[in-house]
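Counting from 193, one number per residue, gives the positions in the sequence shown under my numbering. For reference, the structure is listed below as C-alpha cells.
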Amino acid sequence: MRLKGRVVPGAMRGGMLIEKFYFRIKALLGFEPFKGTLNIKLEKPVEIEDFTTKTVDHILLDGRRMIEVYLAPAVLHVHAGGKMHDHESWAVRFAAPHQQKDLIEIIDKEKLEEKLNLKEGTELEITLFEQRKPEKGPPGMGLMRRIYGRESRLSI
193 MRLKGRVVPG AMRGGMLIEK FYFRIKALLG FEPFKGTLNI KLEKPVEIED
243 FTTKTVDHIL LDGRRMIEVY LAPAVLHVHA GGKMHDHESW AVRFAAPHQQ
293 KDLIEIIDKE KLEEKLNLKE GTELEITLFE QRKPEKGPPG MGLMRRIYGR
343 ESRLSI
C-alpha cells in the first residue's frame, strides 16, 4: 500500500522508546537503530498491524502475548533534485492507547532527516507491504502449538 504523508515534529519520545527497546530491536532487525524516529503524518489512518512482520513482545504469566512494538518494512519515496529517491527502512508503532492511526514513525540506522535532507512539512510517500494473516484455530490452539509444535497427532 502506497501512502502519502508529510514530515511533522514529534513529541520527543521516540528516542526514549528506541532506547527502552534498543537491544530487542537491534536483535530483530540486525542493525543498530538511530535513537530517534522520523514522524510522518499520513493523509489517511492506517492499521500497522496489517503490515507487521516483527514484534517486540513477551508472554504473560497467564499465557497471553503482550505486544509492545509493531515493526513493518517500509520504503520511503522522496522527491529531491527532480528525482525520486527510494530508501528502505522500518515503520514502527509503539502499542500505546494514545497512538494516532494517521501518524507513523520510521526508524533506520541513521538520522533520516539529515540523510534524506528532510525538513518539517516535506511531503513524501511511503510503501508498506501487506502481510498474510496467520491461520486462526480454536481457542487455546496457539498455546498447544507453542507446546507441541505443528504436529497433527501426538506420538505415544
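The beta-carbon is built from N, C-alpha and C at its ideal position, and this holds for glycine as well. Note that the structure is a prediction, hence the values are computed from the model and not measured.
Measuring only the C-alpha atoms, how far is residue i from residue j?
| i | j | result |
| --- | --- | --- |
| Met333 | Phe226 | 38 Å |
| Ala354 | His290 | With the chain running from 193 to 348 in the structure shown, residue 354 is simply not present. |
| Leu253 | Phe213 | 21 Å |
| Ile259 | Asp249 | 4 Å |
| Gln292 | Asp278 | 25 Å |
| Glu312 | Ile210 | 21 Å |
| Glu315 | Phe215 | 31 Å |
| Thr245 | Met208 | 23 Å |
| Gly273 | Leu335 | 53 Å |
| Met276 | Val270 | 6 Å |
Give the secondary structure of residue i by DSSP, where H, G and I count as helix, E and B as strand, and everything else as coil.
| i | result |
| --- | --- |
| Lys196 | strand |
| Glu211 | helix |
| Lys307 | helix |
| Glu302 | coil |
| Ala288 | coil |
Quick check on the burial criterion: 16 or more other C-beta atoms within 10 angstroms. Buried or exposed for residue i?
| i | result |
| --- | --- |
| Tyr262 | buried |
| Ser285 | Note that residue 285 is Arg in the sequence shown, not Ser. Classification for Arg285: buried. |
| Phe243 | buried |
| Ala288 | exposed |
| Gly222 | exposed |
| Glu297 | buried |
From the options, pick the residue whose C-alpha is nearest to that of residue i; which is it?
| i | options | result |
| --- | --- | --- |
| Asn231 | Leu295, Asp300, Glu260 and Arg337 | Leu295 |
| Thr229 | Ser281, Glu322, Lys293 and Arg337 | Ser281 |
| Val200 | Leu304, Ala288 and Lys275 | Leu304 |
| Ile339 | Phe243, Val238 and Gly255 | Gly255 |
| Met193 | Gly273, Leu234 and Arg205 | Leu234 |
Which partner residues of residue i appear in the DSSP bridge assignment?
| i | result |
| --- | --- |
| Ala272 | Lys275 |
| Thr319 | Arg194 and Val267 |
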